[in-house]
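Working notes for the structure below.
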Ligand SMILES: Cc1cc2nc3c(=O)[nH]c(=O)nc-3n(C[C@H](O)[C@H](O)[C@H](O)COP(=O)(O)OP(=O)(O)OC[C@H]3O[C@@H](n4cnc5c(N)ncnc54)[C@H](O)[C@@H]3O)c2cc1C
Ligand SMILES: Cc1cc2nc3c(=O)[nH]c(=O)nc-3n(C[C@H](O)[C@H](O)[C@H](O)COP(=O)(O)O)c2cc1C
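Residue numbers (the working numbering), protein chains in the order written: chain A, 1 to 306; chain B, 307 to 576.
This is the structure in structure tokens:
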């Protein structure tokens with residue numbers, strides 16, 4: 001058996017699969033169930049300072065090629081995370097936990113990261129892909145070098161824990177954004193968030209999602225995720241949770257070759273059920289065996305060096 | 307890996323018929339081969355309003371019914387719709403009730419739970435089952451499906467109301483207790499408020515009869531992705547492991563009969 005364990009920002013994961021934010025992440029029981037099913041680590045839903053209602057249904061729709069969602073980041077707020085989710089998860093902590101946070105303004109980002117720090121996650125992941133209110137165009141912070149730097153600078157001052165920034169692929173040059181975050185002290189990245197998309201019901205002649213547009217995830221976005229990982233790894237060399245369309249062990253190996261150190265999976269559970277985590281890990285192991293890889297360290301970023 | 311062909315897009319269907327059941331409940335009929343089994347549910351999209359989980363109240367392979375109680379914005383919007391209006395449907399989703407030919411079933415319904423229990427009864431009598439049908443409500447005018455149920459052959463109807471305006475006064479579990487004491491029933495199925503179902507499970511246990519129930523937890527996707535309907539403390543999903551679940555499993559859950567969660571995942575105690 002190959003050694004599938006990896007160290008990410010000083011935190012050891014038994015295997016590189018991580019539950020992506022927003023999938024099966026409402027409660028500690030659910031996160032623990034994902035670990036029981038084979039995940040090497042878990043990420044919480046994006047957590048706000050206050051309760052956040054999210055959008056009305058339809059918020060999700062799937063086809064064999066892609067999944068589209070506009071859940072709208074519904075969440076019970078940091079109070080629920082602090083009183084319920086984290087204490088319950090950490091009581092018998094089965095695997096590392098990444099606390100994902102979100103806010104609409106710089107000052108709220110500073111507050112939520114400080115609050116999250118106190119919850120005791122292993123790593124803090126900052127979702128800067130939500131439209132911000134400080135920018136007069138309501139653009140996500142992650143859409144500009146300036147916005148991404150500003151958030152990173154302010155959240156860096158609020159925690160000493162490993163800090164990673166979750167980036168959107170909906171930009172012309174993701175590497176440039178990543179470099180800006182790196183300069184302000186980001187320890188790594190999670191990428192990609194979903195790709196902007198829409199589905200229209202031809203019979204009703206209207207968008208299916210109540211929010212009209214949403215984010216595409218699943219098989220269709222894997223090449224986008226692989227390229228984004230490749231570009232960011234090449235530009236920064238920092239650890240990356242490669243996320244987007246990873247469905248199989250071979251997909252996981254592929255994105256690791258692009259520079260991912262951990263592999264995020266969300267939509268995979270739609271196609272393979274939560275049990276898919278253990279299956280993907282097994283498939284990775286089989287791949288390593290067949291290809292003479294004894295330690296996953298051997299493959300991280302190999303494609304970038306060629 | 308062989309990714310199954312997955313498609314959770316909506317089937318857009320016109321409402322074929324609307325039946326007024328009681329002052330707050332209507333049945334919507336759709337002509338479409340849904341293929342739903344008793345206990346399964348669909349996600350119903352009311353365009354421009356919302357999309358909500360609803361039990362399949364009947365399905366004969368040609369048409370299916372959904373019985374909806376008016377409780378808030380989405381169900382109210384549906385109640386305002388007319389024959390011919392379009393809704394979106396995806397499903398059938400989740401688990402269903404199972405029984406053997408010739409079994410003696412005890413079905414316990416509370417509120418709109420009468421609809422899926424009626425579907426069980428209608429299918430079961432076709433397969434030589436005997437059915438004890440218990441139906442409870444606060445008062446007579448809130449009883450649902452009584453006419454339809456009484457028309458089924460092989461079904462004994464047991465009614466109770468809290469105010470005694472129809473049938474026996476009190477909780478439906480008292481009637482269930484008496485009938486199970488006779489020792490003839492093979493299994494209990496129940497659909498209704500969670501606190502009622504818990505009491506039903508306890509009565510079934512007292513008589514050593516297995517019981518299964520339709521769980522209702524907040525659902526968004528209905529397809530095992532969002533995690534909204536995960537139960538404490540197993541973290542398993544009601545939309546996939548359920549909605550029909552074994553009381554043997556449910557009774558060990560710390561949240562059973564105690565609390566549920568809303569769209570933000572915040573707990574609310576019953
Ligand atoms: C598997 C399943 C089967 C169901 N079958 C039926 C049925 O056959 N007939 C029927 O009338 N109702 C059924 N329901 C409940 C129905 O989904 C809610 O009553 C309805 O969504 C209420 O929406 P609203 O906007 O009218 O009211 P709201 O004001 O939004 O909600 C009223 C109450 O309904 C419940 N509810 C609201 N949204 C949801 C949701 N997405 N999932 C679960 N519960 C919710 C909550 O407890 C809430 O307090 C079922 C629920 C589930 C989970
Ligand atoms: C239903 C759903 C909800 C999501 N919610 C969040 C969220 O709350 N925060 C976040 O940073 N990303 C969220 N995402 C994005 C995922 O974490 C992930 O980046 C994206 O889906 C691509 O990976 P996948 O193809 O493996 O799903 C969500 C994705 C889906 C499908």
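Ideal Cβ placement from N, Cα and C applies to all residues, glycine included. In this text the structure is predicted, and so the values were computed from the model without any measurement.
request  = Give a yes or no on whether the minimum CB-CB distance between residue 307 of chain B and chain A is below 8 Å.
outcome  = Only weak support exists for where residue 307 of chain B lies, its pLDDT of 38 falling under 50; the value from the coordinates is given anyway. Yes - at least one Cβ of chain A is within 8 Å of the one on residue 307 of chain B.
query = Where does residue 576 of chain B land, buried or exposed, given buried means 16+ other C-beta within 10 angstroms?
reply = Answer is exposed; the Cβ neighbour count stays below 16.
Closest Cα partner of residue 317 of chain A within the set A/210, A/18, A/113, A/143 = In the structure displayed, chain A extends from 1 to 306; residue 317 of chain A sits before or after that span and is not available.
query = Can the beta-carbon of residue 345 of chain B be found less than 8 Å from the beta-carbon of residue 403 of chain B?
reply = It is a contact, given that the beta carbons lie within the stated cut-off.
ask   = Which residue comes first and which comes last in the alpha helix (DSSP H) that contains residue 29 of chain A?
value = Counted as a single uninterrupted DSSP element, the alpha helix (DSSP H) harbouring residue 29 of chain A occupies residues 28-36.
message = For a test of your reading of the model: does the CB of residue 359 of chain B fall under 7 Å from any non-hydrogen atom of ligand 1? Yes or no.
response = Checking the Cβ of residue 359 of chain B against ligand 1 gives yes.
key: Own chain, CB closer than 7 Å to residue 307 of chain B, minus 5 neighbours either side, in chain order   = A caution first: residue 307 of chain B carries a pLDDT of 38, below 50, which makes its placement in the model too unreliable to give a value.
task = Please list the partners that residue 80 of chain A has in chain B, where partner means a Cβ-to-Cβ separation under 9 Å.
result = Contacts between residue 80 of chain A and chain B, judged by CB atoms closer than 9 Å, involve 570, 571, 572, 573 in chain order.
ask   = How many whole angstroms separate the CB atoms of residue 39 of chain A and residue 95 of chain A, which I take to be in contact at a CB cut-off of 8 Å?
value = For residue 39 of chain A against residue 95 of chain A, the beta-carbon gap comes to about 7 Å, under 8 Å, which counts as contact.
message = Let's see if you can read the secondary structure: which residues bound the beta strand (DSSP E) around residue 243 of chain A?
response = Where residue 243 of chain A is concerned, the enclosing beta strand (DSSP E) stretches over 240-243.
task = Return the chain-ordered list of same chain residues with a C-beta closer than 7 Å to the C-beta of residue 310 of chain B, the five sequence neighbours on each side being excluded.
result = Because the pLDDT of residue 310 of chain B is 45, which lies under 50, any placement of that residue in the model is unreliable, and the number read from its coordinates should be weighed accordingly. Result list for residue 310 of chain B: empty, nothing under 7 Å.
message = Helix, strand or coil for residue 210 of chain A? Go by DSSP, reduced to three states.
response = When DSSP states are grouped into helix, strand and coil, residue 210 of chain A belongs to the coil group.
ask   = Which residues in chain B sit within 9 Å of residue 24 of chain A, going by Cβ to Cβ distance?
value = Result: 530, 531, 532, 533, 536, 541, 543.
ask   = Who are the near neighbours of residue 182 of chain A in its chain, counting only those whose CB is closer than 7 Å to its CB and skipping five residues on each side?
value = Within the same chain, residue 182 of chain A has close Cβ partners 236, 238.
inquiry  = Taking contact to mean 3 or more Cβ pairs, one atom from each stretch, closer than 8 Å, check whether the region 161-174 of chain A and the region 136-146 of chain A are in contact.
reply    = Counting C-beta pairs closer than 8 Å gives three or more between the region 161-174 of chain A and the region 136-146 of chain A, which meets the contact rule.
request  = State the DSSP-derived secondary structure class of residue 532 of chain B, mapped to helix, strand or coil.
outcome  = In the three-state DSSP reduction, residue 532 of chain B falls in the coil class, being neither helix nor strand.
key: Cβ pair residue 321 of chain B, residue 334 of chain B closer than 8 Å   = Contact flag set, yes.
task = Could you list the residues in the region 356-386 of chain B with a C-beta less than 8 Å from some C-beta on chain A, going in chain order?
result = If you check each beta-carbon in the region 356-386 of chain B against every beta-carbon of chain A, the ones closer than 8 Å belong to 356, 357, 358.
Reduced DSSP secondary structure (H/G/I, E/B, other) of residue 161 of chain A = Residue state, collapsed to three classes: coil.
request  = Residues of the region 13-45 of chain A with a CB closer than 9 Å to any CB of chain B: list them in chain order, please.
outcome  = Those residues of the region 13-45 of chain A that come within reach of chain B (Cβ to Cβ, closer than 9 Å) are 22, 23, 24, 25, 26, 27, 28, 29, 30, 31, 32, 33, 34, 36, 45.
ask   = Beta carbon of residue 267 of chain A, beta carbon of residue 67 of chain A: below 8 Å?
value = Yes, these two residues count as a Cβ contact at 8 Å.
task = Compute the Euclidean distance between the alpha carbons of residue 159 of chain A and residue 117 of chain A, then round it to the nearest angstrom.
result = A straight-line Cα-Cα distance of about 6 Å links residue 159 of chain A and residue 117 of chain A.
query = Residues in its own chain within less than 7 Å of residue 405 of chain B by CB, not counting five upstream and five downstream?
reply = Excluding sequence neighbours, residue 405 of chain B sits near 411, 430, 435, 493.
task = Identify whether residue 130 of chain A lies in helix, strand or coil by the three-state DSSP scheme.
result = Coil.
query = Straight-line CA distance for residue 529 of chain B to residue 175 of chain A?
reply = In a straight line, the C-alpha of residue 529 of chain B is about 35 Å away from that of residue 175 of chain A.
inquiry  = Which residues of the region 54-65 of chain A have a Cβ closer than 7 Å to any Cβ of chain B? Give them in chain order.
reply    = If the cut-off is 7 Å between Cβ atoms, the region 54-65 of chain A has 54, 56, 57, 58, 59, 60, 61, 62, 63, 64 near chain B.
inquiry  = Counting only beta-carbon separations shorter than 8 Å, does residue 92 of chain A have a partner in chain B?
reply    = Judged by the 8 Å Cβ criterion, residue 92 of chain A is not in contact with chain B.
ask   = Quick one: does residue 343 of chain B have its CB under 8 Å from some CB of chain A?
value = Cβ-Cβ to chain A under 8 Å: no for residue 343 of chain B.
message = Assuming contact is defined by CB atoms lying nearer than 8 Å, are residue 245 of chain A and residue 220 of chain A in contact in what I supplied?
response = Yes, these two residues count as a Cβ contact at 8 Å.
inquiry  = Please report the distance separating the alpha-carbon of residue 356 of chain B from that of residue 534 of chain B.
reply    = Here the alpha carbon of residue 356 of chain B sits roughly 16 Å from the alpha carbon of residue 534 of chain B.
inquiry  = Please report whether the beta-carbon of residue 315 of chain B lies at a distance below 8 Å from any beta-carbon of chain D.
reply    = Protein chains A and B are contained in the structure displayed, whereas chain D is not.
task = Return the first residue and the last residue of the beta strand (DSSP E) that residue 465 of chain B is part of.
result = First-last of the beta strand (DSSP E) with residue 465 of chain B: 461-467.
key: Minimum C-alpha distance to residue 34 of chain A - residue among A/296, A/279, A/184   = Ranking the options by Cα distance to residue 34 of chain A, first place goes to A/279.
ask   = Applying a beta-carbon distance threshold of less than 7 Å, which residues of chain B neighbour residue 203 of chain A?
value = Contacts between residue 203 of chain A and chain B, judged by CB atoms closer than 7 Å, involve 318 in chain order.
ask   = Going straight from the alpha carbon of residue 56 of chain A to that of residue 487 of chain B, what length do you get?
value = The straight-line gap separating the alpha-carbon atoms of residue 56 of chain A and residue 487 of chain B is approximately 47 Å.
ask   = Nearest chain B C-beta to residue 76 of chain A closer than 8 Å, yes or no?
value = Output row for residue 76 of chain A: interface = yes.
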